[in-house]
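Step one of this worksheet: look at the structure below.
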Amino acid sequence: MRAGRSRHRRAAAAVWLVAAMASTGGAGAREWRPLDDDGVHDPAAPGLQYLQKPSEALSVLPPDTAGNRVNWVEALRQGIIKPRTNVFPETKVNLLDLDVIFPETSEMPMVRFPHLVHTEWLDCANCHDHLFKKKIGANPVNMFKILEGEYCGRCHGAVAFPLTECKRCHSVPRNDLIR
Amino acid sequence: MVGMAAALAPEAGAEYADVVFNRRAEREGVRPVVFPHWFHRIRFRCKVCHHELGFVMRAGANDVTMADIVEGKFCGMCHNGEIAWSTENCDLCHTGKPGLPSGIHGGHTTVGPGRW
């Protein structure tokens with residue numbers, strides 16, 4: 034069994050949901066800031082003119098509403114991008130096709146974790162065992178730890194699609210599973 | 026609650042997942058470095074950098090110095106004139122705005138409740 038979940042947490046997560054929905058309200062437009070006005074690049078840096086503009090590279094990839102506004106899973110699946118899996122010929126490329134359901138989501142739909150999509154991008158060692166023990170149900174995951182950057186939140190919210198996209202993780206309605 | 030909503034909205038500006046390196050750069054008289062995840066992930070899967078090449082998946086966790094890069098470590102594992110252009114192209118990496126703190130920018134923060 035997973036660690037028990039307190040009422041406090043549950044209530045707070047509900048508040049967070051409302052906040053998240055309010056913040057994603059206007060996320061439809063696909064726009065990328067020019068590099069000389071993005072707050073991190075120095076407009077006076079001599080190398081800036083040689084860098085690729087995000088809009089040029091990202092606008093041709095399958096759309097999404099958050100993060101880089103690119104659906105990276107689709108971009109890879111459709112073969113529109115072909116990122117290298119390894120640079121050393123001897124590196125073993127590991128894949129695993131195993132979905133894990135996280136059921137303790139209170140009122141939210143349950144969470145499906147697809148190994149295949151993840152192992153297309155990542156190696157087992159990126160998660161096992163420092164983020165997740167290799168045993169279903171053995172990790173005390175909850176939404177608050179995720180928001181703190183632990184578990185799924187190590188990547189989602191930093192590089193992979195952000196935590197505002199509840200439904201991409203909470204994708205399994207309760208009555209879909211025969212229990 | 027308003028605060029939470031504001032913190033969840035993407036930081037206006039930096040492209041999602043851009044990482045700034047400025048531990049020593051500015052102190053040593055060069056601009057901070059901006060590492061764009063979006064550009065690199067079109068060409069390499071995460072596992073190349075974070076498994077094969079050993080970049081720890083935590084902003085600020087890799088003590089990257091220019092000497093190491095020139096010796097072929099960190100960015101220098103690729104920016105060596107073979108996989109990508111070499112370290113002579115100082116201006117292409119050192120493009121950051123002066124005064125920027127090291128860390129991930131352009132994202133929803135993942136480093137603790139104090140930040141959202």
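These protein sequence lines are chains A and B, in that order.
Counting in the numbering used here, the first sequence runs from 34 upward without gaps.
Counting in the numbering used here, the second sequence runs from 26 upward without gaps.
Just so it is clear, CB atoms sit at the ideal spot from N, CA and C, and this is done for glycine as well.
Computed from a prediction, not measured in an experiment: that's the story for all the values here.
Next on the checklist: Can you check which of these residues, E153/A, F194/A, A191/A and H203/A, is closest to M176/A by C-alpha distance?
Outcome noted: Residue 176/A sits at position 143 when you count from the first residue of the first sequence. Nearest of E153/A, F194/A, A191/A and H203/A to M176/A, Cα basis: H203/A.
Item to check | Pair within 8 angstroms by beta-carbon distance, P57/B and F64/B | outcome: By one-based count along the second sequence, residue 57/B stands at place 32. By one-based count along the second sequence, residue 64/B stands at place 39. Their beta carbons are not under 8 angstroms apart, which means P57/B does not touch F64/B by this criterion.
Next on the checklist: Is the beta carbon of V59/B closer than 8 angstroms to that of D43/B?
Outcome noted: As a working mapping, residue 43/B is identified with position 18 in the second sequence. As a working mapping, residue 59/B is identified with position 34 in the second sequence. Yes, these two residues count as a Cβ contact at 8 angstroms.
Item to check | Proximal residues of chain A, C-beta to C-beta of D43/B below 7 angstroms | outcome: In the second sequence, residue 43/B corresponds to position 18, counting from 1. Correct list: V73.
Next on the checklist: Quick check: the Cα distance between I169/A and L180/A, rounded to an integer number of angstroms?
Outcome noted: By one-based count along the first sequence, residue 169/A stands at place 136. By one-based count along the first sequence, residue 180/A stands at place 147. Answer to the nearest angstrom: the Cα atoms are 21 angstroms apart.
Item to check | Buried versus exposed, by CB contacts within 10 Å (16 or more), I114/A | outcome: Within the first sequence, numbered from 1, the residue matching residue 114/A stands at position 81. Classification for I114/A: buried.
Checklist entry - With DSSP run on the structure shown, which of helix, strand or coil describes P61/B? => result Taking the second sequence and counting its residues from 1, the one referred to as residue 61/B is at position 36. Note: P61/B maps to strand in three-state DSSP.
Checklist entry - For the putative contact between V106/A and T118/A, defined by C-beta atoms under 8 angstroms, what is the C-beta separation to the nearest angstrom? => result What you label residue 106/A is simply residue 73 of the first sequence in a count that begins at 1. What you label residue 118/A is simply residue 85 of the first sequence in a count that begins at 1. Rounded, the Cβ-Cβ distance is 16 angstroms, inconsistent with contact.
Item to check | Assigned exposure category for R66/B - 16 Cβ within 10 Å defines buried | outcome: Start at 1 with the first residue of the second sequence, and residue 66/B comes out as number 41. With 16 or more other Cβ atoms within 10 Å, it is buried.
Item to check | DSSP-derived helix/strand/coil call for G28/B | outcome: Here the question's residue 28/B lines up with position 3 in the second sequence. Any reading at G28/B needs caution, since the residue's pLDDT is 38, under 50, leaving its predicted position unreliable; the model's value is listed next. Note: G28/B maps to helix in three-state DSSP.
Item to check | Any C-beta of chain A under 8 angstroms from that of I108/B | outcome: Locating residue 108/B in the second sequence gives position 83, where the first residue counts as 1. I108/B counts as touching chain A.
Next on the checklist: Restricting to runs no shorter than 4 residues, where is the alpha helix (DSSP H) found entirely within the segment 36 to 118 of chain B?
Outcome noted: 62 to 68, 91 to 95 and 115 to 118
Checklist entry - With a cut-off of 8 angstroms, does the C-beta of H104/B fall near any C-beta of chain A? => result Taking the second sequence and counting its residues from 1, one reaches residue 104/B at position 79. No, its Cβ sits nowhere closer than 8 angstroms to a Cβ of chain A.
Checklist entry - Is the Cβ of I94/B closer than 8 angstroms to any Cβ of chain A? => result Counting from one through the second sequence, the residue named residue 94/B turns up at place 69. No - not a single Cβ of chain A is within 8 angstroms of the one on I94/B.
Item to check | V95/B vs T112/B beta-carbon contact at 8 angstroms | outcome: In the second sequence, counting from the first residue as 1, residue 95/B sits at position 70. In the second sequence, counting from the first residue as 1, residue 112/B sits at position 87. Closer than 8 angstroms, so yes.
Next on the checklist: Need the endpoints of the alpha helix (DSSP H) that R201/A sits in, please.
Outcome noted: The residue you call residue 201/A lines up with position 168 of the first sequence. It spans C199 to C202 - the alpha helix (DSSP H) in which R201/A sits, taken as one unbroken run.
Next on the checklist: I'd like to check one pair, A90/A with T120/B: are the Cβ atoms closer than 8 angstroms?
Outcome noted: Position 95 of the second sequence holds residue 120/B. Position 57 of the first sequence holds residue 90/A. No.
Checklist entry - Of all the residues that make up the segment 122 to 155 of chain A, which are near chain B by a beta-carbon distance shorter than 9 angstroms? => result T124, V126, N127, T152, E153, W154 and L155
Checklist entry - Where S92/A and V73/A are concerned, what is the direct C-alpha to C-alpha distance, given to the nearest angstrom? => result Position 59 of the first sequence, counted from the start, is the residue given in the question as residue 92/A. Position 40 of the first sequence, counted from the start, is the residue given in the question as residue 73/A. Straight-line Cα distance between these residues: approximately 21 angstroms.
Checklist entry - What residue does the beta strand (DSSP E) around R145/A start on, and which one ends it? => result As a position in the first sequence, residue 145/A is number 112, starting the count at 1. Per DSSP, R145/A belongs to the beta strand (DSSP E) from V144 to P147.
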